[in-house]
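Below is one structure, written out as structure tokens; comments come after it.
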Amino acid sequence: MPLSWLLLILFALAVLGYVMGRSRALASAGGDSRGLHSLPSYYGYNVALTVLTPALGLLALWLIAQPVFVDGRVSTLLPDTAITEGSSRSLVMSDVRRVAEGFDLLVQEGRATGAEIRDMRAETTNVRDRLAEVGIALGSNVNPSVLSAAQRYRDLSTTASRAMWVVVLLVAIGGFAVSYMLTDKDFRARNTVERGILLVLICAASIAILTTLGIVLSMLFETRNFFAAYPWQEFFFGTNWAPDFRGNSDLAILPLLWGTLYISFIALLFAVPIGLFAAIYLSEYASQRVRSVAKPTIEVLAGIPTIVYGLFALITIGPMLRDYFAQPLGLGDSSSSVMTAGLVMGIMLIPFVSSLSDDIINAVPQAMRDGSYGLGATKSETIRQVIIPAALPGIVGAVLLAASRAIGETMIVVLGAGAAAAQFQRGLGEIVNPFEAMTTVTVKIVSQLTGDTDFASPETQVAFALGLTLFVITLGLNVLALWIVRRYREQYE
Amino acid sequence: MTDASIGEATPACPRKSSLFELDARTRKRNAAEARFKIYGMIAVGIAVLMLVFLLTSIVRNGASAFMQTFITLDVTLEESKLDKTGNRDPEEMAKVSTFGYAPLIKAAMEQAIAKNGIEIEGLSKPDSLISKEAAAQMRNFVLANPDVVGETRTFEFVAASRIDGYYKDRVTMESAERDSNVSPEQLLLADALKEAGVLETRFNLKFITWPDASENRPEVSGLGVAILGSLYMMIVVLVLALPIGVAASIYLEEFAPKNRFTDLIEVNISNLAAVPSIVFGILGLAIFINFAGLPQSAPIVGGLVLTLMTLPTIIIATRASLKAVPPSIREAALGVGASKMQTVFHHVLPLAMPGILTGTIIGLAQALGETAPLLLIGMVAFVREYPAGIPDGFFDPASALPVQVYNWTQRADPAFVERASGAIIVLLLFLFAMNAIAIILRRRFERRW
Chain A
-2 MPLSWLLLIL
8 FALAVLGYVM
18 GRSRALASAG
28 GDSRGLHSLP
38 SYYGYNVALT
48 VLTPALGLLA
58 LWLIAQPVFV
68 DGRVSTLLPD
78 TAITEGSSRS
88 LVMSDVRRVA
98 EGFDLLVQEG
108 RATGAEIRDM
118 RAETTNVRDR
128 LAEVGIALGS
138 NVNPSVLSAA
148 QRYRDLSTTA
158 SRAMWVVVLL
168 VAIGGFAVSY
178 MLTDKDFRAR
188 NTVERGILLV
198 LICAASIAIL
208 TTLGIVLSML
218 FETRNFFAAY
228 PWQEFFFGTN
238 WAPDFRGNSD
248 LAILPLLWGT
258 LYISFIALLF
268 AVPIGLFAAI
278 YLSEYASQRV
288 RSVAKPTIEV
298 LAGIPTIVYG
308 LFALITIGPM
318 LRDYFAQPLG
328 LGDSSSSVMT
338 AGLVMGIMLI
348 PFVSSLSDDI
358 INAVPQAMRD
368 GSYGLGATKS
378 ETIRQVIIPA
388 ALPGIVGAVL
398 LAASRAIGET
408 MIVVLGAGAA
418 AAQFQRGLGE
428 IVNPFEAMTT
438 VTVKIVSQLT
448 GDTDFASPET
458 QVAFALGLTL
468 FVITLGLNVL
478 ALWIVRRYRE
488 QYE
Chain B
769 MTDASIGEAT
779 PACPRKSSLF
789 ELDARTRKRN
799 AAEARFKIYG
809 MIAVGIAVLM
819 LVFLLTSIVR
829 NGASAFMQTF
839 ITLDVTLEES
849 KLDKTGNRDP
859 EEMAKVSTFG
869 YAPLIKAAME
879 QAIAKNGIEI
889 EGLSKPDSLI
899 SKEAAAQMRN
909 FVLANPDVVG
919 ETRTFEFVAA
929 SRIDGYYKDR
939 VTMESAERDS
949 NVSPEQLLLA
959 DALKEAGVLE
969 TRFNLKFITW
979 PDASENRPEV
989 SGLGVAILGS
999 LYMMIVVLVL
1009 ALPIGVAASI
1019 YLEEFAPKNR
1029 FTDLIEVNIS
1039 NLAAVPSIVF
1049 GILGLAIFIN
1059 FAGLPQSAPI
1069 VGGLVLTLMT
1079 LPTIIIATRA
1089 SLKAVPPSIR
1099 EAALGVGASK
1109 MQTVFHHVLP
1119 LAMPGILTGT
1129 IIGLAQALGE
1139 TAPLLLIGMV
1149 AFVREYPAGI
1159 PDGFFDPASA
1169 LPVQVYNWTQ
1179 RADPAFVERA
1189 SGAIIVLLLF
1199 LFAMNAIAII
1209 LRRRFERRW
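Residue numbers (the numbering used here), protein chains in the order written: chain A, -2 to 490; chain B, 769 to 1217.
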């Protein structure tokens, strides 16, 4: 039976619990709700929540654990002989899962019975043809060990699912019984329910920690695998990026990091002056009317998805730079280049720099401005000599935040920067040419992880090491930026 | 003292400095002041100009995706070709593949040329003006209505991409000479057919509902599947991120004691808000697909990843609007005997709701445009089928609006650039609508105390 039925039964039990709990409480007070400790509905909620929360939690845990457990059990059953040359255990296991899935479909559509499938032999039945009936296409015929593993897989999954039904329902009914028994006019139902709700709220808040933990652990785990297959000195200090899915590849991060930093540098070179001057103009010079139009307009730039910027780089800025700058100057003839990606990313970063700087400039106390004007300084002198120095830490923080965004940006560089890594051995001229195509860390994460990849090869796992490096760099920048901004704010509070 | 007296005094006795004549130093300072102000104006101007440039470039490239060239032909559905047995049994007729339909289209095309008296020297393969999808379109129609076999029916076919491009200035006579897919003669034929009213370029909204098409049929590719996929993901994000985000904010804002644990949560939330989106993609790939075994390319995985990404946005917005509810409301509720929980759920939360919804919509808009994490969880797959109904649709392979844009940019045919820009227009319209709703919500319901 499908899972939705189980959920439906649980919810029906909860509703029943609400009604019964409420009426039992009222009955215990002789039908007069004034005799109860809490409002009658709290007694109902108490029963309903005691039915639902543990049962749903258990269900979620079970659903996560079951495939892992079944996979592990079946995987140990696979003899080493079943793993052919050029294949791996995980590939064979995915075959096993497909076959088992096909069996499930066969039974579901009434084309075979459970007993029939258990007695299937690779020698007598053509399993491939049977599975093709339900739309599961297999590359080759199923060998006996895979077949028996698939049968075992199906058996185990069915047993586990049945056990799940029984256990979850038992927990729900148990919760029902216990809370129903506890229901009495003196039972502190509201306090219990509120404690339960608070627990749910805490769990929701903890998801932020779990997410960070998930990010770090998942990348650490795969990075460890990567460094087991590829020396870390080569990764961090090598100078050549040349992945080769047949093996024997050079996977050094330096050329990618160079591309990332170079593009981010150009983006900041464009965005910081414009953003800063825009912020100064809007907060110090502009009239209320201009400000109320220009500020939201600039902030629209922040709301535009990065894929839009990417396409803009690909079809407009890239060809434009190539035709009007790179080719006439003889600097290259590729439309995707460091300059293209940097410029477009700069446009994207303008609102970051401007709105953060705007906040910070506005936070500078008015008394400092007044003092400066009183001494006879002009507006621009006040800004340059009083406001900017006072706001400098905050502005540095804003620039660092913008830099962290630039480094982590993906779609603009995927579409605008090109796929070739910087070639250090070709000399300095080549790698500082801003009209040369250059790739970044994020581009390579995308290209190593998309498509049909084998997760056991270092060429794929390197993406996790790249991701971890990226995560550490951006995290460092963010923490530093937030620290600077916070320290600065405290000065004037 | 009058003005006249000073005016007389000046020429007589020239003073070192005057309030009415600026000295060199003041002039310099004022010029610096004006320059500085102009720099500011230029900066704002560049920012606004870039926005305008970006939007016009996208619209100019993409608006033509909503135009399409059609060719109307009378096709004789010959029984001898489509239904040899003659019993109109759809199962029998399904044996005739699209290759069986192509000659009929070819004949109809030649007939149309003859009827309109068009003669073009060196014209070859006139039927390649019509999209290769036409045969499939006709076959589906015939299989759905077996009784039409034997009759002559009027069909409206999509023109091939090069012909379509000819009327959108993408293909010219010169480029056609170098192109193996189209010849100048065929373009002349297209012109002649247009004259005769057989061929027509007009507004076409089907671009929004059609599914994606293969590499060499850009003329029939559309956004239908991608929009549905995005919709499914947004449902997942809304259902998960709103309750979790609100619950987390309520805890942090109203109940959390100041201790190590809550500090840890706060630091995590502010850092997650700044983690590059692609890292969330790696998380989704490693945890949801490799570890938990959820299917690749499925909206449920995309939705989960985007949920984790939007949570910080929603939490930050919700906390701000909870904070904006004045403490007097809480104190009044507590004063008449409500418990802390009742105060929050009965009084504070309803008052904060407009702000929460605004934040949620903005978070959803952010999630809708996000591409990078979806690439990693396999949503780049080529998907042609519309997703199934609600429960199964979450687990079937799907595409998403921004990923579809990326997908089209990776294809060789330049016609896909137009399609990608068209898709961006649709995406931006969605975002615009969502943000407009958020602003209206805020204007209408937000209370200021």
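Positions of the beta carbon are idealized from the N, C-alpha and C atoms, including for glycine.
Alpha carbon to alpha carbon, what distance is there between L353(A) and S1050(B)?
Checking the displayed sequence, the identity of residue 1050(B) turns out to be Ile instead of Ser. Between I1050(B) and L353(A), the C-alpha separation is close to 29 angstroms.
Can you name, in chain order, every residue of its own chain whose Cβ lies under 7 angstroms from the Cβ of R1187(B), other than the five neighbours on each side?
A833, P986, S989 and W1176, listed in sequence order.
Does the contact criterion of 3 or more C-beta pairs under 8 angstroms hold for the region 452 to 465 of chain A versus the region 243 to 255 of chain A?
yes
To which residues of the same chain is R1210(B) closer than 7 angstroms at the C-beta, ignoring the five residues directly before and after it?
P1122 and T1126
Consult DSSP for A927(B) and reduce its assignment to one of helix, strand or coil.
strand
Span of the beta strand (DSSP E) holding V190(A)?
Here V190(A) belongs to no beta strand (DSSP E); instead the alpha helix (DSSP H) covers A186 to A226.
Are V467(A) and V1047(B) closer than 8 angstroms when you measure CB to CB?
In the sequence as displayed, the identity of residue 467(A) is Leu instead of Val. Yes, these two residues count as a Cβ contact at 8 angstroms.
Contacts of Y807(B) in chain A (Cβ-Cβ under 7 angstroms)
F274
If you run the structure through DSSP and keep just helix, strand and coil, what is K835(B)?
Here residue 835(B) turns out to be Met, not Lys, going by the sequence shown. DSSP places M835(B) in strand when its eight states are reduced to three.
Can you pull the chain A residues whose beta carbon is under 7 angstroms from the beta carbon of A1060(B), in chain order?
Contacts between A1060(B) and chain A, judged by CB atoms closer than 7 angstroms, involve I61 in chain order.
Mapping DSSP to helix, strand and coil, what is A239(A)?
In the structure shown, A239(A) sits in a strand (DSSP, three-state: E or B).
Just mark P252(A) as buried or exposed, buried being the case when its beta carbon has 16 or more other beta carbons within 10 Å.
Buried.
Does the region 351 to 370 of chain A come within contact of the region 235 to 244 of chain A, defined as at least 3 CB pairs closer than 8 angstroms?
No, the region 351 to 370 of chain A is not in contact with the region 235 to 244 of chain A.
Any idea which residues DSSP pairs V1265(B) with across the strands?
Since the first residue of chain B shown is 769 and the last is 1217, residue 1265(B) is not available in this structure.
Indicate whether the contact test is met: 3 or more Cβ pairs, each with one atom in the region 148 to 168 of chain A and one in the region 64 to 71 of chain A, closer than 8 angstroms.
Put simply, the region 148 to 168 of chain A touches the region 64 to 71 of chain A. At least three CB pairs are less than 8 angstroms apart.
Separation of F1059(B) from T853(B), as counted between CA atoms
55 angstroms
For chain B, is any of its Cβ atoms less than 8 angstroms away from the one on V393(A)?
no
Run through the DSSP bridge pairs and tell me what T969(B) is partnered with.
T837(B)
Would you decide whether S982(B) is buried or exposed? Buried here means 16 or more other CB atoms lie within 10 Å of its CB.
With fewer than 16 Cβ atoms within 10 Å of its Cβ, S982(B) is classed as exposed.
Alpha carbon to alpha carbon, how far is D183(A) from L1032(B)? Give it in angstroms, no decimals.
39 angstroms
Using the beta-carbon of each residue, which ones in chain B are nearer than 8 angstroms to F309(A)?
L822, S825 and I826
Check the DSSP bridge columns for L248(A) and list the partner residues they point to.
W238(A)
Ignore the nearest five residues each way along the sequence and tell me which others in G1190(B)'s own chain have a CB closer than 7 angstroms to its CB.
G830, A833, F834 and F975
Could one say the Cβ of N43(A) lies closer than 8 angstroms to chain B's Cβ atoms, at least one of them?
no
Step through the CB atoms of chain B and report whether any lies within less than 8 angstroms of the CB of P302(A).
yes
From what residue to what residue does the alpha helix (DSSP H) around D355(A) run?
V335 to A360
Pull the bridge partners of I881(B) from the DSSP assignment, please.
DSSP, once it has assigned bridges, lists no residue as partnering I881(B).
Taking contact to mean 3 or more Cβ pairs, one atom from each stretch, closer than 8 angstroms, check whether the region 394 to 403 of chain A and the region 337 to 356 of chain A are in contact.
yes
For a contact defined as C-beta to C-beta under 9 angstroms, what are the partners of R185(A) on chain B?
Chain B residues near R185(A): none, gap ~11 angstroms exceeds 9 angstroms.
Residue range of the alpha helix (DSSP H) that Q954(B) falls in?
P952 to A964
I898(B) in three-state terms, based on DSSP:
strand
Flag this pair as yes or no: are the beta carbons of A927(B) and S1065(B) separated by less than 8 angstroms?
no
Taking just the CA atoms, how far does V12(A) sit from V48(A)?
10 angstroms
At a CB-CB cut-off below 7 angstroms, which residues of chain B make contact with L500(A)?
A question about residue 500(A) goes unanswered here, because the residues of chain A that appear run from -2 up to 490.
So is S289(A) buried or exposed if we call it buried at 16+ other beta carbons inside 10 Å?
Result: exposed.
A275(A) to R1098(B), Cα distance in whole Å?
41 angstroms
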